[in-house]
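Take a look at the structure set out below.
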Ligand code: NAP
Ligand code: COA
């Protein structure tokens, strides 16, 4: 049962960059269910069109690469032209793969930083004069790698750490008119990210051991956090990163094994 009442986002316009699959599509669908007019974008136009159909009547599915400032700016201008000034902008596009630094070319590192960090800069920088001000809400989708060093994740650790700081700086610079926050999901069941980062049972066990709540997260749970941050319930919340991870970051696996031993 959702804590949010139907129609809570009525009259709002939401744009979700990287909203054509997985967690971000779940956020877009929830915004639409609660009354917002919604647009999503990804690189693949067919995937974007299918996502729009899944979100529901009136949703826009656009094609743009967040690494290309002109393309993402044009997509957001189209959203403003067809749906109106944006109240909510989510930057969730990401790329990831497991690789040690010595198995990563300079272009491999750059590719992930370009999509995650520079892409988030492009989305947020490009949306500002297309927002409905005051009161707009921007949300970056970050990850635990921003604060925890994780082997085989140098690119994502660096990129997501940069995103967390960008969120804080923008909250300061745009404070009176725009709220800027992040959501840091833990391992979310049935997603591309999980498939890539926990490809076998031993890696899954390592991730699972970190989770205080002893279950994987659901896309819908991340979506509820996004609704909270986009709603008036969070009207005094800015510059924060909301962990939606079942407590994955409050201890480490060694600590948990010790606790188990003492119990
Ligand atoms: P996903 O299904 O692969 O979603 C990625 C989305 O971004 C897709 O819509 C993809 O569409 C789009 N995208 C990728 N590169 C793009 C680019 N250059 N320009 C524009 N769009 C691009 O991933 P997910 O697992 O749901 O993850 C979603 C977000 O949650 C990411 O920010 C990820 O870091 C974060 N996260 C996920 C988990 C998890 O457990 N899955 C945990 C922590 C954080 P196209 O391929 O068509 O471009
Ligand atoms: N290990 C090491 N290097 C890798 C790699 C891997 N598993 N996968 C890709 N790379 C390297 C490529 O070899 C290339 O480097 P090079 O030019 O020196 O050879 C570089 O990364 C870019 O790869 P490319 O396939 O050209 O990039 P792309 O822009 O087409 O795709 C990716 C971006 C690689 C991030 C791709 O995995 C993607 O599109 N991901 C989106 C979905 C996703 O990752 N979802 C999970 C989000 S948590």
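Numbering (the numbering used here), first residue to last: -16 to 246. Where a beta carbon is used, it is the ideal one built from N, C-alpha and C, also for glycine.
Secondary structure at residue i, three-state DSSP: helix, strand or coil?
i, result
"residue 55", "helix"
"residue 15", "helix"
"residue -2", "strand"
"residue 132", "coil"
"residue 232", "coil"
"residue -9", "coil"
"residue 83", "coil"
"residue 150", "helix"
"residue 126", "coil"
"residue 48", "coil"
"residue 158", "coil"
"residue 28", "helix"
"residue 142", "helix"
"residue 5", "helix"
"residue 102", "helix"
Enumerate in chain order the residues of its own chain whose CB-to-CB distance from residue i is below 8 angstroms, with the five nearest sequence positions on each side excluded.
i, result
"residue 31", "3, 23, 24, 25, 44, 45 and 46"
"residue 174", "5, 6 and 202"
Take residue i and list the residues in its own chain whose beta-carbon comes closer than 7 angstroms to its own, dropping the five residues that flank it on each side.
i, result
"residue 95", "78, 79, 138, 139 and 142"
"residue 177", "170 and 171"
"residue 48", "26 and 54"
Using the DSSP secondary-structure output, state which residues sit across from residue i in a beta bridge.
i, result
"residue 226", "167"
"residue 93", "According to DSSP, residue 93 bridges with nothing at all."
"residue 69", "114"
"residue 43", "22"
"residue 121", "72 and 163"
In chain order, what residues of the same chain lie with their CB nearer than 6 angstroms to the CB of residue i, ignoring the 5 residues before and after it?
i, result
"residue 11", "-1, 2, 21, 23 and 38"
**OP:** At 3 residues or longer, and completely inside the region 160 to 219: list those beta strand (DSSP E) runs for me, N to C.
**Re:** Those beta strand (DSSP E) runs which fall completely within the region 160 to 219 and span 3+ residues are 161 to 168.
**OP:** Let me have the residue list for ligand 2: C-beta closer than 5 angstroms to any non-hydrogen atom, ordered along the chain.
**Re:** Those residues are 77, 78, 79, 80, 82, 88, 90, 91, 94, 175 and 176, given in chain order.
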